[in-house]
Amino acid sequence: MGRARGGRSRDRRRTLLARGPHALWRGEGQRHRPRRHPLRHRGHDGGEVDGGAHSAVVTESVREILARPAAGGGARVRGWVKTARHSKGVSFLEVSDGSCFDGLQVVAAPELPNFESEVRRIGTGWAVDVEGELADSPGKGQRFELQARSVAIVGETGADYPLQKKRHSFEFLRDIAHLRPRTNTIGAVLRVRNAASHAVHSFFQERGFVQLHAPVITASDCEGAGEMFRVTTLDPASPPRGEGGEVDYAQDFFGREAFLTVSGQLEAEIGAAALSNVYTFGPTFRAENSNTSRHLSEFWMVEPEMAFCDLEGNAELAEAFLKHVIRAVLERCPDDMAFFNERIEKGVLDTLAHVVDSPFERLSYSEAVEILEASGRDFDFPVKWGADLQSEHERFLAEEHVKRPIVVTDYPKNIKPFYMYVNDDGRSVRAMDVLVPKVGEIIGGSQREHRLEVLEARMQEQGLSQDDYWWYLDLRRHGSVPHAGFGLGFERVVQFVTGMANIRDVIPFPRVPGSAEF
RNA sequence: UCCCCGGUAGCUCAGUUGGCAGAGCAAGCGGCUGUUAACCGCUGGGUCGUAGGUUCAAGUCCUACCCGGGGAGCCA
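For what it's worth, our numbering labels the leading residue of the first sequence as 3, then goes sequentially.
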């Protein structure tokens, strides 16, 4: 960011960047205040702020301009040209600032002093600062247009600017992740992702949950879940070694082995054992060599944990939660969602409306097995009580059998982790998976084993050291209560809502095996 | 990690039985009074993923590797 390349203009840009968040905060607040002349703005201290070309003050966003009740009055737009159409007597620029799906059409006439010298050269991707009069547009495709009084060039593009006015493959866009937020699709994804993220917090906050900040660095391999990324400051070329030649992690930064977290669940359980209802929402890391459209090495996970709660309450919360997030996105991003419905996955709006309006299907694992056995399908993997459900089984249940999200509960004990509550039948645990069409497992959760003796027995069965989990066991010695929670893959929710086929395209900077550019 | 498919211009792709490397878009130049992925004309642009091999001749056939996609496993 602060690399000193150019002289003056570089410095100015840095100043703008430095003021950015503050200016944005003020811009957000504008919506709740009476409208005023868009070219004159008040600072937060009430003073007038320079509306000149280099002010850091955010004027109206394109979204706000397009939401004006009527044309007339001045307006200013700063953003990036999505497409430019030039003819001899007029130039059209579609300018987008990312505030909404649509750009604002700018009409530039030859009377502008820089029409020949600059305006007619403007192409896709140029950054511009335009002031003018907002008018009803005589053309089709937009309600308003900005008739420019001045068009200032802020930044040009080189001849090698890769984004064109045509469809690009998502594979290509991943290679230019620094530019792809400027595309229609990724821009829409990022706005939807933002709305969904906000909805995660609003859902829990409205219900009195406390957000618990789980650690990113952890010393124990929490659930025995998958490969973990090691965190170390030892010299990889010559780490200190013990007498047997093994690496001596006692000399490492934390005095022991450390890793990036694969789940905040165990810490969330600590929170629930005091604050009753908590949730975590943060990045999670898995070093699995997974190469699929549904896995990332770094992803965001939402993990609520509730004291005095059983599996039924857990499932109810999961259902209410998904519906809340979907409703929030539909309400807040209608234009973006219309685009996804049209260009990315036809019918996704109907699917989401159906999900929001109908209750999730509930099935026990045993019932699911019976349904699969009775389906007459020739599955690649045989269906048998005791074996985990395969992708093809989950897909059949969610996509064909009920055609909406489905909650499968009470899985065989042997295929689930040690911390899940053992049912009275002794062979199943109070686990649940929420399966949705296309994406598959979107939520995994359980009622936790809060009985010390049972938990210890389970850990012994699975060969886990009680020393490593001493604090987890200690929670069961002091005021232990039934509790439950789940983990939800945030990117999978965004995938489900947008209809995007590949999870790498719903996170701004995807990390997958062999790739951590940007 | 396994199975299948692919890699040709900046992008998206075509390339016949092994016989001169192609198109559309983009870029550059010119034209066009209101466009909507604007339109019309002209011009430039190639390590055919990489390294070997077969052949008079390889984008095309063979081998290995690299990268990407789809599916599977693992999971969220």
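Glycine included, every Cβ here is placed at the ideal spot set by N, Cα and C.
- Excluding the 5 residues flanking it on each side, glycine 481 has same chain C-beta neighbours closer than 8 angstroms at Ala275, in chain order.
- For phenylalanine 205, the uninterrupted alpha helix (DSSP H) segment begins and ends at 186-208.
- Between arginine 296 and glycine 81, the gap from beta carbon to beta carbon reaches 8 angstroms or more.
- Annotation: the continuous alpha helix (DSSP H) that includes alanine 322 extends over 313-334.
- A straight line joining the alpha-carbon of isoleucine 272 with that of phenylalanine 398 spans about 37 angstroms.
- Per DSSP, the beta-bridge partners of glycine 76 are Glu135.
- Sorting Pro285, Ala317 and Glu62 by C-alpha distance to the C-alpha of threonine 263 places Pro285 at the top.
- Just measuring C-alpha positions, the residue of Ser89, Glu66, Gly74 and Asp131 sitting nearest valine 97 is Asp131.
- Only residues of its own chain outside the window of five on either side were considered, and among them Gly125, Thr126, Gly127 and Trp128 have a CB closer than 8 angstroms to the CB of threonine 159, listed in chain order.
- Closest in alpha carbon position to glutamine 207, among Tyr163, Asn279 and Gly349, is Asn279.
- A distance below 8 angstroms separates the beta carbons of arginine 151 and glutamate 135.
- Close CB contacts of glycine 141 within its chain, under the 8 angstroms cut and outside five residues either way in sequence, are with Gln107 and Glu147 (chain order).
- One alpha carbon belongs to glutamate 451, the other to valine 431, and they sit about 9 angstroms apart.
- By the Cβ test, the segment 239-255 is not in contact with the segment 185-200, since fewer than three Cβ pairs between them sit closer than 8 angstroms.
- Taking every protein chain shown into account, the CB of alanine 161 has fewer than 16 other CB atoms within 10 angstroms, so this residue is exposed.
- The C-beta separation of arginine 193 from aspartate 99 comes to about 12 angstroms, leaving the pair out of contact by the 8 angstroms criterion.
- If the five residues before and after aspartate 312 are omitted, its C-beta is found closer than 8 angstroms to the C-beta atoms of Arg432, Gln449, Pro484 and Ala486, all from its own chain and listed in chain order.
- In the DSSP annotation of this structure, the continuous segment of the beta strand (DSSP E) that includes leucine 437 starts and ends at 430-438.
- Between the C-alpha atoms of glutamine 213 and glutamine 267 there is a straight-line separation of about 13 angstroms.
- Nearest C-alpha to proline 510 among Gln166, Trp302, Asn116 and Arg78: Trp302.
- Counting along the chain, the unbroken beta strand (DSSP E) around glutamate 305 starts and ends at 300-309.
- Contact between phenylalanine 492 and methionine 461 is ruled out by a C-beta separation of about 30 angstroms, above the 8 angstroms threshold.
- Here the alpha carbons of arginine 453 and alanine 201 stand approximately 34 angstroms from one another.
- Look at tryptophan 82 here: in three-state DSSP terms it is strand.
- Every beta strand (DSSP E) stretch that sits fully inside the segment 234-290 and reaches 3 residues is listed by chain position as 279-287.
- Isoleucine 445 is bridged by DSSP to Val436 and Leu490.
- Residue range 472-477 is occupied by the alpha helix (DSSP H) that includes tyrosine 474.
- With a beta-carbon spacing of about 29 angstroms, arginine 182 and glutamate 229 fall beyond the 8 angstroms limit used to define contacts.
- Counting only unbroken stretches of 3 or more residues, the beta strand (DSSP E) elements lying wholly within the segment 390-426 are 408-414, in sequence order.
- A Cβ-Cβ separation of about 7 angstroms places lysine 405 in contact with proline 439 under the 8 angstroms criterion.
- Classified as buried, phenylalanine 342 has 16 or more neighbouring CB atoms from the shown chains inside 10 Å of its CB.
- Classified as exposed, histidine 356 has fewer than 16 neighbouring CB atoms from the shown chains inside 10 Å of its CB.
- Annotation for valine 357: the continuous alpha helix (DSSP H) segment containing it runs 350-359.
- Check the Cα spacing between phenylalanine 498 and each of Gln149, Val327 and Val79: the tightest is with Val327.
- For phenylalanine 146, the pairing in a beta bridge is given by DSSP as Asp138.
- In the structure shown, valine 508 adopts coil according to DSSP, grouped into three states.
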